[in-house]
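Colleague: Let me give you the structure first, and then I'll get to my questions.
Number of protein chains: 2
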Amino acid sequence: MKDLTVAVLGAGSWGTALSLVLNSKGHSVNLWMRRKEQYDEIMIKRENHKYLPNVYIPKEIKVFNDLIDAIKNSDIIVLAIPTQKVREIIKIIKSHVNSGQIIVNVAKGIEEKTQLTISQIVAEELPQQPYAILSGPSHAEEVVKDIPTTIVVASKERRIAEYIQEVFITSFFRVYTNPDVIGVELGGALKNVIAFGAGVADGLGFGDNARAALMTRGITEVARLGNAMGANMSTFAGLSGIGDLIVTCTSMHSRNRRAGILIGEGKNLKETLEEIGMVVEGITTTGVAYKLSKEYNIEMPITQEIYKVLYEDKDPKEAVTNLMTRSRKHEIEEIVDVSNIDW
Amino acid sequence: MKDLTVAVLGAGSWGTALSLVLNSKGHSVNLWMRRKEQYDEIMIKRENHKYLPNVYIPKEIKVFNDLIDAIKNSDIIVLAIPTQKVREIIKIIKSHVNSGQIIVNVAKGIEEKTQLTISQIVAEELPQQPYAILSGPSHAEEVVKDIPTTIVVASKERRIAEYIQEVFITSFFRVYTNPDVIGVELGGALKNVIAFGAGVADGLGFGDNARAALMTRGITEVARLGNAMGANMSTFAGLSGIGDLIVTCTSMHSRNRRAGILIGEGKNLKETLEEIGMVVEGITTTGVAYKLSKEYNIEMPITQEIYKVLYEDKDPKEAVTNLMTRSRKHEIEEIVDVSNIDW
Numbered sequence: 179m180k181d182l183t184v185a186v187l188g189a190g191s192w193g194t195a196l197s198l199v200l201n202s203k204g205h206s207v208n209l210w211m212r213r214k215e216q217y218d219e220i221m222i223k224r225e226n227h228k229y230l231p232n233v234y235i236p237k238e239i240k241v242f243n244d245l246i247d248a249i250k251n252s253d254i255i256v257l258a259i260p261t262q263k264v265r266e267i268i269k270i271i272k273s274h275v276n277s278g279q280i281i282v283n284v285a286k287g288i289e290e291k292t293q294l295t296i297s298q299i300v301a302e303e304l305p306q307q308p309y310a311i312l313s314g315p316s317h318a319e320e321v322v323k324d325i326p327t328t329i330v331v332a333s334k335e336r337r338i339a340e341y342i343q344e345v346f347i348t349s350f351f352r353v354y355t356n357p358d359v360i361g362v363e364l365g366g367a368l369k370n371v372i373a374f375g376a377g378v379a380d381g382l383g384f385g386d387n388a389r390a391a392l393m394t395r396g397i398t399e400v401a402r403l404g405n406a407m408g409a410n411m412s413t414f415a416g417l418s419g420i421g422d423l424i425v426t427c428t429s430m431h432s433r434n435r436r437a438g439i440l441i442g443e444g445k446n447l448k449e450t451l452e453e454i455g456m457v458v459e460g461i462t463t464t465g466v467a468y469k470l471s472k473e474y475n476i477e478m479p480i481t482q483e484i485y486k487v488l489y490e491d492k493d494p495k496e497a498v499t500n501l502m503t504r505s506r507k508h509e510i511e512e513i514v515d516v517s518n519i520d521w
Numbered sequence: 179m180k181d182l183t184v185a186v187l188g189a190g191s192w193g194t195a196l197s198l199v200l201n202s203k204g205h206s207v208n209l210w211m212r213r214k215e216q217y218d219e220i221m222i223k224r225e226n227h228k229y230l231p232n233v234y235i236p237k238e239i240k241v242f243n244d245l246i247d248a249i250k251n252s253d254i255i256v257l258a259i260p261t262q263k264v265r266e267i268i269k270i271i272k273s274h275v276n277s278g279q280i281i282v283n284v285a286k287g288i289e290e291k292t293q294l295t296i297s298q299i300v301a302e303e304l305p306q307q308p309y310a311i312l313s314g315p316s317h318a319e320e321v322v323k324d325i326p327t328t329i330v331v332a333s334k335e336r337r338i339a340e341y342i343q344e345v346f347i348t349s350f351f352r353v354y355t356n357p358d359v360i361g362v363e364l365g366g367a368l369k370n371v372i373a374f375g376a377g378v379a380d381g382l383g384f385g386d387n388a389r390a391a392l393m394t395r396g397i398t399e400v401a402r403l404g405n406a407m408g409a410n411m412s413t414f415a416g417l418s419g420i421g422d423l424i425v426t427c428t429s430m431h432s433r434n435r436r437a438g439i440l441i442g443e444g445k446n447l448k449e450t451l452e453e454i455g456m457v458v459e460g461i462t463t464t465g466v467a468y469k470l471s472k473e474y475n476i477e478m479p480i481t482q483e484i485y486k487v488l489y490e491d492k493d494p495k496e497a498v499t500n501l502m503t504r505s506r507k508h509e510i511e512e513i514v515d516v517s518n519i520d521w
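From first to last, the protein sequence lines stand for chains A and B. When you line the first sequence up against my numbering, it's residues 179 to 521, in that order. When you line the second sequence up against my numbering, it's residues 179 to 521, in that order.
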């Protein structure tokens, strides 16, 4: 594969880490960030101190503060910006994008106002544009240390998925393809709701048994909603579903989990967001997921309880206790399809 | 439900914890243990120091050193003994068991010599005996502290599953039914192989990303084998499958995980077993799972690499690196059923 020019829009921890991966493969990277202070810092110190401290950003990575300059002549445009800002950025660049540039989204969320995933936003703003999503259990802090990591690329077009696989793959960063765009998108977004809930349980002092139960049932309710929205159920059993949920629920690198822990410990939402100091996608996603569960008429007990904690001042302890001790008797484990079993 | 007499055979941490759960519900518990020293300790100190330290064992729990006395007049016999000892114990009690006594197995393993699960052993030794298995993400150390826990009971007979659910359920210990006995058995046994492997990765200093990837692919290969052996695939996505794998891979309470960590850190098998000081089911199960994968012709890369580490002196680092960096290009994520997708 010839070396490409890749514009990475957004210099959070993930955009920065992916720039390093791409640079290590010999691609030219244009890393764009909105804030001038961050631009100056990276230009001068070659470090992104707030988002990825103590990691050297090689001089070959070109740093941009102008969006249009950053995407000019690039083969691929990576969207590494918070979900709620994606449409705004696309609106700015759309008249400058040419038909061959592939959009690769790496954000994990759903647009609050429209309840659309990012592939759906891109389809509205840039119809016909080739599109892929990269998602999976991949904390930036480990990727930059060359600790082996797996990830999934999904696209409706097989040739795009396989091309992006080739662009990103290294001996440490293993990329697998999947045709299920909506499944990969929803897994990445909705797992943040469950991870937040698992964090609340942790913050309240519940144990490993409870966390495992919430995660298991969490991915089940996420898969139910995803399936109703057109996703393949089995995607949620893969790297971008349960895999990403596991890494999010078991690592202190996860902002969503840490935010949940703080709420569980008794902090309010404002204090929590101040302490994290970065975008916590799961909080917005909880509101969206709650609405989607109503719209599609899907039972999502964890999402619904977490929604009440965040938006209706429900006591976190009461919410998690409800989830763990639901009193239906003779309950059959929900994941099991008993329709064919002679019981 | 009237109060019952339950014989719990085996006073490891889990047998002891379940005795406390049953006692708290008002059932009479006969707790049997083989070792006279342990019997004396519990009789005198009301503590099971080695297996469940600092937990008071109420005087209502009757302690037995004689197996036949322990099961006499009991309604239920709980098998809480290491898998490789189960047949020996059943052979001793079988002529004393009456047809109404329900066998409830709580061990997680497969018999090494025969490659049979415990339901299959019981079916050989005590055909027609009512049988259930109790399995799920349930560390004993948390159950005795009344930290909310979920668990699954499986039986071929619905009325048995629902009866055992009623016997064990408390407001903290939530029991769900599932008809898939072999699926629940295999999930509980085979997850120990994957948890051991995840422990090896942890011991080698791999990160959260790698652990999540190994767990995700691990449950996939376990489900593939399970399905070939007659289990329902969806059981592996439930509490007794991925749920139990999660708790085992993320808790220091797990002996299987801790044994893996020691191997990853460079200790040999003998040193590891000495340091753990208890039965590590996953080590035996790895050998059995390896043979089953050959017999059923199922690709189980994690099981196969861990087998080589344990039984063929393969370097753990090379094994885990192999697993994380398999070089097949254009690999489609294995969990996804792409057969119906126009790609």
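Idealized CB from N, CA, C, for every residue including glycine.
1. Which word fits residue 302 (chain B), buried or exposed, when buried means at least 16 other C-beta atoms lie within 10 angstroms of its C-beta?
2. Report the residue ranges of all alpha helix (DSSP H) runs contained in full by the region 381-409 of chain B; include only those spanning at least 4 residues, in chain order.
3. Which runs of the alpha helix (DSSP H) at least 4 residues long sit entirely within the region 338-384 of chain A? Give them in chain order.
4. Just the C-alpha distance for residue 386 (chain B) and residue 448 (chain B), rounded to the nearest angstrom, thanks.
5. Quick check on residue 358 (chain B): buried or exposed, where buried means 16 or more other Cβ atoms within 10 Å of its Cβ?
6. So, helix, strand or coil for residue 185 (chain B), using DSSP?
7. How big is the Cα-Cα spacing for residue 507 (chain A) and residue 477 (chain A)?
8. Throw me the rounded Cβ distance for the residue 404 (chain A) and residue 460 (chain A) pair, which I believe falls under 8 Å.
9. Assign residue 262 (chain A) to one of three DSSP states: helix, strand, or coil.
10. In chain order, what residues of the region 229-255 of chain A put their CB closer than 9 Å to some CB of chain B?
11. Please give me, in chain order, every unbroken run of the alpha helix (DSSP H) with length at least 4 that falls completely inside the region 252-337 of chain B.
12. At what residues does the beta strand (DSSP E) containing residue 206 (chain B) begin and finish?
13. Pick from A:487, A:244, A:197, A:324: whose alpha carbon is nearest that of residue 226 (chain A)?
14. Expressed to the nearest angstrom, what Euclidean distance is found between the alpha-carbon atoms of residue 199 (chain B) and residue 336 (chain B)?
15. Mind checking residue 393 (chain B): buried by the 16 CB within 10 Å criterion, or exposed?
16. With 16 other CB atoms within 10 Å as the buried threshold, where does residue 286 (chain B) fall?
17. Where residue 206 (chain A) and residue 498 (chain B) are concerned, what is the direct C-alpha to C-alpha distance, given to the nearest angstrom?
18. Check residue 466 (chain B) in the structure and name its three-state DSSP category.
19. Spatial neighbours of residue 274 (chain A) within its chain, please: CB distance less than 7 Å, with the 5 preceding and 5 following residues excluded, ordered by chain position.
20. Is residue 240 (chain B) helix, strand or coil when you go by DSSP?
21. Does any CB atom of chain B fall closer than 7 Å to the CB of residue 508 (chain A)?
22. Are the region 409-420 of chain B and the region 394-401 of chain B in contact at 8 Å, needing three or more beta carbon pairs?
23. Just how far apart, CA to CA, sit residue 319 (chain A) and residue 325 (chain A)?
24. Among residues of its own chain, excluding the 5 on either side of residue 191 (chain B), which ones have a beta-carbon nearer than 8 Å to its beta-carbon?
25. Below 9 Å on C-beta distance, what does residue 433 (chain B) contact in chain A?
26. Cβ atoms of residue 487 (chain A) and residue 494 (chain A): under 7 Å apart, would you say?
27. Should residue 179 (chain B) go down as buried or exposed, given a rule of 16 or more other Cβ atoms within 10 Å for buried?
28. What span of residues does the alpha helix (DSSP H) with residue 201 (chain A) cover, start to end?
29. Listing by chain order, which chain A residues have their CB less than 7 Å from the CB of residue 349 (chain B)?
30. Is the number of C-beta pairs between the region 338-357 of chain B and the region 430-444 of chain B that are closer than 8 Å three or more?
31. Chain A partners of residue 315 (chain B), CB-CB under 7 Å?
32. Kindly identify the DSSP beta-bridge partner or partners of residue 226 (chain B).
33. Report yes or no: is there a C-beta of chain A within less than 7 Å of the C-beta of residue 511 (chain B)?
34. With 16 as the cutoff for other CB atoms within 10 Å, does residue 292 (chain A) come out buried or exposed?
Modeller: Short version:
1. exposed
2. 386-406
3. 359-382
4. 28 Å
5. buried
6. strand
7. Its pLDDT being 46, under 50, residue 507 (chain A) is placed unreliably in this model, and the value from its coordinates should be taken loosely. Roughly 18 Å between the two C-alpha positions.
8. About 16 Å separates the two Cβ atoms, so there is no contact after all.
9. helix
10. none
11. 261-271, 296-303, 318-321
12. 206-210
13. A:197
14. 23 Å
15. buried
16. buried
17. 32 Å
18. helix
19. 246, 249
20. strand
21. Here the model assigns residue 508 (chain A) a pLDDT of 44, short of 50, so the residue's position is not dependable and the matter cannot be decided.
22. yes
23. 9 Å
24. 226, 229, 230, 318, 319
25. Chain A residues near residue 433 (chain B): none, gap ~14 Å exceeds 9 Å.
26. yes
27. exposed
28. 191-202
29. 503
30. no
31. 387, 390, 391
32. B:230
33. yes
34. exposed
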